[in-house]
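There are 2 protein chains.
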Amino acid sequence: MSDPIEFYFDFASPYAYLASHRIDAVAARHGREVAWKPMMLGPVFKVAGTRPLTDYPLKGDYSRRDFARTARLLGVPFVLPEDFPFSTLTAARAFYWTEENAPDKAKPLARALFDACFAEGRNTGEAEVVGELAGAVGLDAGAVLAGAREPAIKERLKAVTTDAIENRGVFGAPFFFVDGEPFWGSDRLDQVDRWLATGGW
Amino acid sequence: MSDPIEFYFDFASPYAYLASHRIDAVAARHGREVAWKPMMLGPVFKVAGTRPLTDYPLKGDYSRRDFARTARLLGVPFVLPEDFPFSTLTAARAFYWTEENAPDKAKPLARALFDACFAEGRNTGEAEVVGELAGAVGLDAGAVLAGAREPAIKERLKAVTTDAIENRGVFGAPFFFVDGEPFWGSDRLDQVDRWLATGGW
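Taken in sequence, the protein lines are chains A and B.
The opening position of the first sequence corresponds to residue 0 in numbering that gives the first Met the number 0, with each subsequent residue numbered one higher.
The opening position of the second sequence corresponds to residue 0 in numbering that gives the first Met the number 0, with each subsequent residue numbered one higher.
Next up, the structure:
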């Protein structure tokens, strides 16, 4: 089997949430796996000279409309949490701890985090919400939250983020690599699909 | 026949160039016309708090790759002019003068401007290039360039741009309205197509 598709995202990205509902199916059609790689958009925005979409005049209002409209088209529920945007540092660290200690639960936790945030409007920046969702997918909430505070786990998230920016040219989310080819945005998934089918054009 | 689809763009927008090769065919499938509305991205960026894509760190490099890759997928030639980005003020004014004085030549002139820029890499910010292209589509180059300097024409471009920002929420290009519904980006043309087919979702 070829290398997995890389899926870089922040748990607070609405378009990454939409992509989270499609990417594994797209990959599976071509016999591929997906490596989910949460990162922190804060440092990414800093280097890229950008900020959260909803903070921009005009573009912010349009984005809110487009999130919901695109979600409806995909048949996926969508709500923007009241206190959006927030930092999902604990969520991202919890993901990496889970990946190292209970790998089968890592993607279910990630999906639970995305859905709690953008289907239910919950604030997944809060540690207690992360703990509750960890419990709901069969993890020990206390162990996950303690794990998210381990220096090695904090270091891992930092390293993924730094590598994404410095070595991979990642400037937003979601961001995909298919055999090294970069694709930005949930609206590039049709191109990702075709790239996988054809090997490029 | 229903209202035309509105197509807002700047002649210096690579994604608007890509859209210019698709939008009329998409509209025609649904028995619709397209009203082409050049505007100036400079004032738009100022209000929106953004800047030309290629000026952003990381995003700039990705954009250059994505322009070319998406163009190949669409079967459209693409080259980024050496002195990109430049102001296409004269081009936009020439379009409106033509629309008022030789309406059948307005879209041919617009297509010639887009293609000269992004298929041939020419600087369509230069008045002599605008004049030459006007001549090539059967207009009197001198009349078009003189027309582009008329106060009423200058005013019209300014009014379109101000109205787009203040009343329509336009923050980038290309930007489409289908019966009032806003769509931003050439990668929303599939949604535009579906909106026209279904009346919304």
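Using N, Cα and C, we set each Cβ at its ideal position, and we do this for glycine too.
Source: prediction; values computed, not measured.
(message) Between which residues of its own chain and Arg148 (chain B) is the CB-CB distance below 8 Å, once the five residues before and five after are set aside?
(response) Arg92
(message) Which same chain residues end up closer than 6 Å to Asp23 (chain A) when comparing Cβ atoms and leaving out the 5 residues on each side of it in sequence?
(response) Val33
(request) Determine contact between the region 43-56 of chain A and the region 156-165 of chain A, defined as no fewer than three beta-carbon pairs at a distance below 8 Å. (result) yes
(request) Can you give me the start and stop residues for the beta strand (DSSP E) that Lys104 (chain A) sits inside? (result) Lys104 (chain A) -> no beta strand (DSSP E), and no H or E assigned at all.
(message) Determine whether the beta carbon atoms of Val143 (chain A) and Thr87 (chain A) lie at a separation below 8 Å.
(response) no
(message) Given 7 Å as the limit, tell me if Glu154 (chain B) has its C-beta closer than that to any heavy atom belonging to the ligand GTP.
(response) Absence of the ligand GTP from the depicted structure is noted, as is the absence of any ligand whatsoever, leaving it without description.
(request) Could you tell me whether the Cβ atoms of Lys36 (chain A) and Phe6 (chain A) are closer together than 8 Å? (result) yes
(message) Is it buried or exposed, Trp183 (chain B), if we count other Cβ atoms within 10 angstroms and call 16 or more buried?
(response) Buried, because 16 or more other Cβ atoms sit within 10 Å of the Cβ of Trp183 (chain B).
(request) If I'm right that Arg21 (chain A) touches Leu188 (chain A) with Cβ under 8 Å, what's the distance once you round it to whole angstroms? (result) Taking C-beta atoms under 8 Å as the contact rule, Arg21 (chain A) and Leu188 (chain A) qualify, at a distance of about 5 Å.
(request) Identify the continuous alpha helix (DSSP H) that holds Glu127 (chain A) and give its terminal residues. (result) Ala126 to Ala135
(request) Could you please tell me which residues of the region 44-62 of chain B, in chain order, have their CB closer than 8 Å to any CB of chain A? (result) Val46, Ala47, Gly48, Thr49, Tyr55, Pro56, Leu57, Lys58, Asp60 and Tyr61
(message) Tell me which residue opens and which closes the alpha helix (DSSP H) that Pro13 (chain A) is part of.
(response) Pro13 to Ser19
(request) Report the residues of the region 166-179 of chain B with a CB closer than 8 Å to any CB of chain A, ordered along the chain. (result) Gly168, Val169, Phe170 and Gly171
(message) Would the region 173-181 of chain A count as touching the region 128-146 of chain B if we require 3 or more Cβ pairs under 8 Å?
(response) no
(message) Does any residue of chain B have a CB that is nearer than 8 Å to the CB of Arg71 (chain A)?
(response) yes
(request) May I have the straight-line CA-CA distance separating Trp194 (chain B) from Asp2 (chain B), to the nearest angstrom? (result) 14 Å
(message) On a Cα-Cα basis, can you pick out the residue from B:Gly74, B:Thr89, B:Ala101 and B:Pro13 that is closest to Gly59 (chain B)?
(response) B:Pro13
(message) In the DSSP assignment, the beta strand (DSSP E) including Ala37 (chain B) goes from what residue to what residue?
(response) Before going further, note that residue 37 (chain B) is Pro rather than Ala in the sequence given. Val33 to Pro37 is the extent of the beta strand (DSSP E) around Pro37 (chain B).
(message) Which residue marks the beginning of the beta strand (DSSP E) containing Glu119 (chain B), and which one marks its end?
(response) Run containing Glu119 (chain B): none; DSSP gives neither H nor E here.
(message) Could you check whether the Cβ of Pro13 (chain B) sits closer than 8 Å to any Cβ belonging to chain A?
(response) no
(request) Decide if Arg121 (chain A) is buried, meaning its Cβ has at least 16 other Cβ atoms within 10 Å, or exposed. (result) buried
(request) Sort out for me which residues DSSP pairs Glu180 (chain B) with in a bridge. (result) Paired residues: B:Val177.
(request) Using the DSSP secondary-structure output, state which residues sit across from Tyr7 (chain B) in a beta bridge. (result) As computed with DSSP, Tyr7 (chain B) is found in a beta bridge with B:Lys36 and B:Phe174.
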